[in-house]
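The structure under discussion appears below in the form of C-alpha cells.
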Amino acid sequence: MKNIIIVTGASSGIGLEFVKQLDVFGADEIWGIGLGWDNAGEIALATPLVKMEMDLTNESQMESFKQRLEEENPHVMWLVNSAGFARFGSHEEIPLDVSVNMIELNVVAL
C-alpha cells in the first residue's frame with residue numbers, strides 16, 4: 688500500500704510551505720492540490736510530488752479525486768487542508784459570487 692501525504696492549496700503560500708516541511712516524513716508521494724502550479728517554481732523534494740491542478744469547489748473535479756483515491760486506495764499519512772482565500776471589505780464591496788466562492792472553498796470544501 689502506498690503511503691501518501693495530501694496537501695490542499697499546495698501550489699503557493701502556506702500550502703507550498705507545508706509540502707516542503709512534510710517532505711521528511713517518508714511518504715511514497717505527496718499529492719499537492721492547487722489551482723495553478725505555474726508560479727510555484729521548481730521544488731526540490733526527496734519525495735515525489737504529484738501536482739494536481741484542481742478547484743476544490745468544482746463537484747466533478749472532486750468526484751474525480753474521490754475516484755482516484757478509491758482506485759489507488761493509498762494510506763493517507765497526513766492531510767493538510769490549507770486551501771482558502773479571503774477578500775476584505777463590507778458586504779457591499781465584495782461581489783456576491785466572490786463571497787459564495789469563499790464560503791464554498793473555506794467552509795464547504797473542507
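Per our numbering: the sequence shown ends with 797, consecutive numbering throughout.
Just so it is clear, CB atoms sit at the ideal spot from N, CA and C, and this is done for glycine as well.
When burial is assigned at 16 or more other CB atoms within 10 Å of the CB, is Val763 buried or exposed?
Position 76 of the sequence shown, counted from the first residue, corresponds to residue 763. Counting Cβ neighbours within 10 Å, Val763 comes out exposed, since fewer than 16 surround it.
Relative to the C-alpha of Leu743, which candidate in Asp710, Asn690 and Val694 has its C-alpha closest?
Here residue 743 is taken as the residue at index 56 of the sequence shown, counted from 1. Checking every option, the nearest Cα to that of Leu743 belongs to Val694.
For Val787, count neighbouring C-beta atoms within 10 Å of its own C-beta (all shown protein chains included) and say buried if the count is 16 or more, exposed if not.
The sequence position of residue 787 within the sequence shown is 100, counting from 1. The residue is exposed, with fewer than 16 neighbouring Cβ atoms inside 10 Å.
Can you tell me whether Met789 is helix, strand or coil according to DSSP?
For the purposes of this step, residue 789 is taken as residue 102 along the sequence shown, with counting starting at 1. DSSP places Met789 in helix when its eight states are reduced to three.
Cα-Cα, which of Gln748, Asn768, Ser747 and Glu746 is closest to Val706?
On the sequence shown, residue 706 is found 19 positions in, with the first residue counted as 1. The residue with the shortest Cα to Cα distance from Val706 is Asn768.
Taking the C-alpha atoms as reference points, what is the distance between Ser751 and Asn690?
Numbered from its first residue, the sequence shown carries residue 751 at position 64. Numbered from its first residue, the sequence shown carries residue 690 at position 3. One C-alpha to the other measures close to 20 Å.
Can you have a look at Gly776 and say buried or exposed, based on whether 16 or more other CB atoms are within 10 angstroms of its CB?
Taking the sequence shown and counting its residues from 1, the one referred to as residue 776 is at position 89. The residue is exposed, with fewer than 16 neighbouring Cβ atoms inside 10 Å.
Per DSSP, Lys738 is paired with what?
Against the sequence shown, residue 738 aligns to sequence position 51. Answer is Gly719.
Please state whether the Cβ-Cβ distance between Leu703 and Ala727 is less than 8 Å.
Here the question's residue 703 lines up with position 16 in the sequence shown. Here the question's residue 727 lines up with position 40 in the sequence shown. Taking 8 Å as the Cβ cut-off, Leu703 and Ala727 qualify as a contacting pair.
Count the other CB atoms, across all protein chains shown, that sit within 10 Å of the CB of Ile790; report buried if there are 16 or more and exposed otherwise.
Translated into positions along the sequence shown, residue 790 becomes position 103. With fewer than 16 Cβ atoms within 10 Å of its Cβ, Ile790 is classed as exposed.
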